[in-house]
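When you line the sequence shown up against our numbering, it's residues 34 to 308, in that order.
Ideal Cβ placement from N, Cα and C applies to all residues, glycine included.
Please read all numbers here as calculations on a predicted model, not as lab measurements.
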Amino acid sequence: MRFKKIYIELTNVCNFKCSFCQSSQRKKKFMSPEEFSAILFSIRPYTEYIYLHVLGEPTLHPQFCELVKMAADNGFHVNLTTNGSMLEKVEKVFADKLVRQCNVSIHAYAENIPSTQWMEKMNGVFSFANRYSEDTYFSFRLWNNGADGATDFNEYCRKAINSFFSTQIEDTMSRNVKIQDHIFLQNAARFSWPGQKKLDLAHKKCYALRDHIAILCDGSVVPCCLDANGDMVLGNVFTDSLEEIINCKAAVEMKQAFARNEIVNPICRDCGFIL
């Protein structure tokens with residue numbers, strides 16, 4: 034079995050507090066370089082693409098640059114999702130061309146940065162992307178359509194993008210809007226994490242265990258990147274082989290059920306990300 038991508042949570046610690054993000058009672062942790070190295074060895078037969086995100090802000094990790102270099106040296110394509118607040122401090126991995134794609138959640142600024150600083154912070158991120166876009170794809174995410182205050186904030190972002198990049202983007206609703214080569218604006222509705230909307234879905238499509246899995250910072254393997262609380266742990270990559278984990282009874286039954294558009298886990302019945 035091969036996966037399109039595997040999510041790896043370097044840390045579940047974050048310097049932002051966003052209402053749209055899942056709260057978690059898991060112990061706060063930074064994955065050690067030794068643990069990360071063990072994960073890379075375990076997943077090598079299963080994917081070439083890693084996404085450094087589940088919960089937490091990955092660039093807060095004190096050894097972030099070391100870990101990214103370790104992944105790149107082992108032949109992995111590194112993709113990053115970040116709030117962008119620490120990009121300058123981890124600039125080396127971009128200068129060394131080690132990051133394939135960087136997704137910046139600029140919708141997080143609405144709740145975490147005073148409005149008087151929005152332009153300064155956005156221009157800093159835009160400038161960073163402009164500097165390194167020859168070798169790294171950048172996606173500015175506005176995953177907040179439908180949220181309170183989103184219309185005005187997104188219009189502000191659109192104007193900021195047009196001003197900095199000298200573009201004429203009018204569309205803040207299409208899924209992907211090209212700003213310039215390797216730089217995009219990505220729009221989406223605000224999605225709900227499992228447990229936030231109290232849904233009761235019996236049938237749905239999902240790519241969990243089919244094109245991706247996630248590994249939490251304590252080594253727990255879960256079916257997808259939305260299991261931020263580790264409610265569906267299939268095993269631990271530090272104590273079990275990944276082959277054993279993805280072929281365990283729970284994993285096989287869940288994958289087979291999703292292939293039939295059926296839900297076997299109650300956590301999945303309450304997930305609004307893919308319907």
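- Sixteen is the threshold: when 16 or more other Cβ atoms of the shown chains lie within 10 Å of the Cβ of D260, as they do, the residue is buried.
- Beta-carbon to beta-carbon, L85 and L131 are separated by about 11 angstroms, too far to satisfy the 8 angstroms threshold.
- A193 is a Cβ neighbour of M155, given a cutoff of 8 angstroms.
- It is roughly 19 angstroms from the alpha-carbon of N298 to the alpha-carbon of N269.
- Taking each of Q96, Y240, I39, V46 in turn and checking the Cα distance to R59, the smallest one comes out for V46.
- The three-state reading of DSSP puts V137 in strand, counting E and B together.
- According to the DSSP assignment, T114 belongs to the beta strand (DSSP E) that extends over 110 to 115.
- Nearest to F197 by alpha-carbon distance, out of R208, Y170, V158, is V158.
- Residue state for F171 is assigned as strand, using DSSP reduced to three classes.
- Beta-bridge analysis with DSSP links Q201 to no other residue.
- DSSP places N48 in the coil class of the three-state scheme, outside both helix and strand.
- Ranked by how close their Cα comes to the Cα of F53, the residues T80, E144, I296 have E144 in first place.
- Counting only the Cα atoms, K38 lies some 7 angstroms from D244.
- In the structure shown, the three-state DSSP call for G179 is coil.
- Of F173, T184, D214, G179, the smallest CA-CA separation from S166 is found for D214.
- Spatial neighbours of S172 in its own chain (CB-CB distance under 6 angstroms, excluding positions within 5 residues in sequence) are listed in chain order as N136, F217, Q219.
- Distance check between L249 and each of C190, R35, K61, M34 places K61 closest, using alpha-carbon atoms only.
- The beta carbon of F36 lies closer than 7 angstroms to those of Y79, T80, D244, H245, I246 in the same chain, with the five residues before and after it left out.
- For V132, the pairing in a beta bridge is given by DSSP as V111.
- Collapsing the DSSP output to three states places K38 in a strand.
- Restricting attention to K211, C190, C239, the CA atom closest to the CA of Y142 is found in C190.
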